[in-house]
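K.L.:
At position 49 of the sequence shown the residue is numbered 48 (numbering that gives the first Met the number 0), and the sequence of numbers has no breaks.
First the structure, then my questions, so here it is.
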Amino acid sequence: MSKLKFMVTWILFLLLMGTAIGAHASSDFNELPTKQTSKQWAVQVGEAKQGKDLAKPQKGKFETYSLTVKNIGKDVESVDFYMFRNEPDSTTMYSLFSCPDGKDCNEVSESIDKGMSFKFDNFIFAEKATELEVVILWTENGRTLKETFTFTE
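In structure tokens:
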């Protein structure tokens, strides 16, 4: 009888832990700003900057957010970053953008190396999407490295 009691208690504990972890992962976009870090990068999704020439959310179509990328680790030789969103009922991820229009990725890398964070003030994110993936590729000592940060709704 005590073995059965122990097993039931253990199963309930595991179920509660799984529910708590799942609840946290599903609330990322509901609690802005939300931030993820590694030894090399800090990536933060926040509220979009509002302005006359900037996109505004459209109910039923898309929301707007901001993205900040900061190098918190070693100096890098070059950096590229990409953003993707998912599409319901598809394994395909859709690109939102990479290095901003009119900016060379090396220029972005140099500004990040100088300790400045790079900020996208306003980007659109489809309401039907539930996952934002930020992929950062950088070169360190001639070797290309990659990290992926995933934010979920």
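Ideal placement from N, C-alpha and C gives every residue a C-beta, glycine not left out.
In this text the structure is predicted, and so the values were computed from the model without any measurement.
1) Report the rounded CA-to-CA distance for K34 versus K60, giving the unit in angstroms.
2) Buried or exposed for Y64, please, with buried defined as at least 16 other CB atoms from any protein chain shown within 10 angstroms of its CB.
3) Measure the C-alpha to C-alpha separation of E139 and K118 and round it to an integer number of angstroms.
4) Can you tell me whether DSSP reads E139 as helix, strand or coil?
5) Once DSSP output is grouped into helix, strand and coil, what is the label at S116?
6) Taking the runs of the alpha helix (DSSP H) that are 4 residues or longer, which of them lie wholly in the stretch 42 to 68?
7) Should the stretch 64 to 81 be called in touch with the stretch 42 to 49, which here means at least 3 C-beta pairs below 8 Å?
8) Could you name the residues of the same chain whose beta carbon sits closer than 6 Å to that of I135, not counting the 5 residues immediately before and after it, in chain order?
9) Please work out which residues of its chain come closer than 6 Å, Cβ to Cβ, to A128, disregarding the five sequence neighbours upstream and downstream, and give them in chain order.
10) Which whole-angstrom value is the C-beta distance of N121 and K48, which I expect to be below 8 Å?
11) May I have the straight-line CA-CA distance separating F150 from P56, to the nearest angstrom?
12) Specify the secondary structure class of T91 as computed by DSSP and reduced to three states.
P.N.:
On the basis of the supplied data:
1) Cα-Cα distance, rounded: 25 Å.
2) buried
3) 22 Å
4) strand
5) coil
6) Counting only runs of 4 or more residues that sit fully inside the stretch 42 to 68, no alpha helix (DSSP H) segment turns up.
7) yes
8) W40, F80, E146
9) Same-chain partners within the cutoff: R84, N85.
10) 5 Å
11) 19 Å
12) coil
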